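What follows is a set of notes on a single structure, which appears directly below.
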């Protein structure tokens, strides 16, 4: 059976998503359309390129997380280096190595740009903080005068994974043909793009039109969400960095959480992330394996009792209520 899938963002915890993907495949589900934010965008892009769950498991186990935390030697000086880099580059790390890794993995499946992916199959969420708008890529890249079909999937993933202050924002300039550029002075022709989780970390609504009719041929959308042991505990703020982490963590979860808890538990897999943090890039192999196993277990529990008829009933009930409101 075909399903749409929306993958939540969560940094290195995204390894757990691949375990839940394995569970979906074990129960005979295949992916029609996929979307994601941050690490969820990584998983969505790999699925859209044609990677199986088993192939993704190998990739995730071998993913060089610590190598993504790269700084030029000039920025390595303790305290001064990171502060200088933050001031000049707007982030502690560049994000280029992550983009390169994704680009190479996609090329192995013959995917470079969105034109190499079936139209509508892949959606990636990012945030334009210069213009204060949520971006659904590749569609919204047209606003900057860029051809969506020629836009690199790896660049979209990097945009979506650019955690504010942790990784550099991606800076794009509107093309000469763009109406946005023609109406703005030079210093306002540039947009800073960061992690999609800033505005929607779990865009479960993206593919709802595929099930709008609610008939037998509707394609259900399943959400893959990561939950931590400490999700209901307050953030401990002891300095500037911990305060920034608390602000971003709140932004990532607060928008979507109420929407999920109220109406969408019937189509959301909740994956325990075992207390591992979003930016714990020095992950051990044992921790990576534990995250994958957690996703596999949560996905198995969900799919073994999932019922298409109940999905249709719940979806129709929710959307009829929305229309009445």
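Residue numbers (our numbering): 1 to 325.
Even for Gly, the Cβ is constructed at its ideal location relative to N, Cα and C.
Every value quoted in this text rests on a predicted model; they were computed, and no experiment measured them.
Residues that residue i bridges to, as DSSP identifies them
i           : result
residue 225 : 270
residue 93  : 167
residue 122 : 34
residue 3   : 31
residue 263 : Note: residue 263 sits in no beta bridge, so no partner.
residue 133 : 128
residue 305 : Residue 305 is not bridged to any residue.
residue 18  : Partner(s): none; residue 18 has no beta bridge.
residue 113 : 152
Nearest-angstrom Cβ-Cβ length linking residue i and residue j, presumed shorter than 8 Å
i           : j           : result
residue 123 : residue 35  : 4 Å
residue 18  : residue 292 : 6 Å
residue 166 : residue 7   : So it is not a contact: roughly 20 Å between Cβ atoms.
residue 278 : residue 10  : 6 Å
residue 202 : residue 37  : 7 Å
residue 153 : residue 20  : Contact doesn't hold; Cβ gap of about 22 Å is too wide.
Buried or exposed (CB count within 10 angstroms, at least 16 for buried), residue i
i           : result
residue 282 : exposed
residue 301 : exposed
residue 41  : buried
residue 265 : exposed
residue 139 : exposed
residue 126 : buried
residue 231 : Unreliable placement is indicated for residue 231, whose pLDDT of 48 sits below 50; the coordinate value is still reported in the next sentence. Result: exposed.
residue 317 : exposed
residue 284 : exposed
residue 169 : buried
residue 190 : exposed
residue 298 : buried
residue 60  : buried
residue 294 : buried
residue 321 : Confidence is the limiting factor: at residue 321 the pLDDT is only 46, short of 50, which leaves the residue's position unreliable, though a coordinate-based value still follows. Exposed: under 16 other Cβ atoms inside 10 Å.
residue 13  : buried
residue 104 : exposed
residue 83  : exposed
residue 195 : buried
residue 305 : exposed
residue 307 : exposed
residue 93  : buried
residue 85  : buried
residue 30  : exposed
residue 107 : exposed
residue 329 : Shown here, the chain extends from 1 to 325; a query on residue 329 therefore has no answer.
residue 204 : buried
residue 100 : exposed
residue 324 : For residue 324, the predicted model reports a pLDDT of 40, less than 50, meaning its position is unreliable and no value from the coordinates is stated.
residue 133 : exposed
residue 290 : buried
residue 220 : buried
residue 87  : exposed
residue 226 : buried
residue 91  : buried
Min CB distance residue i to chain C below 8 Å
i          : result
residue 31 : The chain inventory of the structure shown lacks chain C, comprising one protein chain alone.
**Report entry** Minimum length 3: unbroken beta strand (DSSP E) runs contained in the region 135-202
**Finding:** Scanning the region 135-202 from its first residue to its last, the whole beta strand (DSSP E) runs of 3-plus residues come out as 165-167, 170-173, 190-195.
Requested in this report: Report yes or no: do three or more beta-carbon pairs, one from the region 266-280 and one from the region 53-60, lie closer than 8 Å?
Outcome: Too few Cβ pairs lie closer than 8 Å, so no.
Query raised in the report: Hey, is the region 193-208 in contact with the region 148-168, meaning 3+ C-beta pairs nearer than 8 Å?
Result: The region 193-208, when compared against the region 148-168, does touch it at the 8 Å Cβ threshold.
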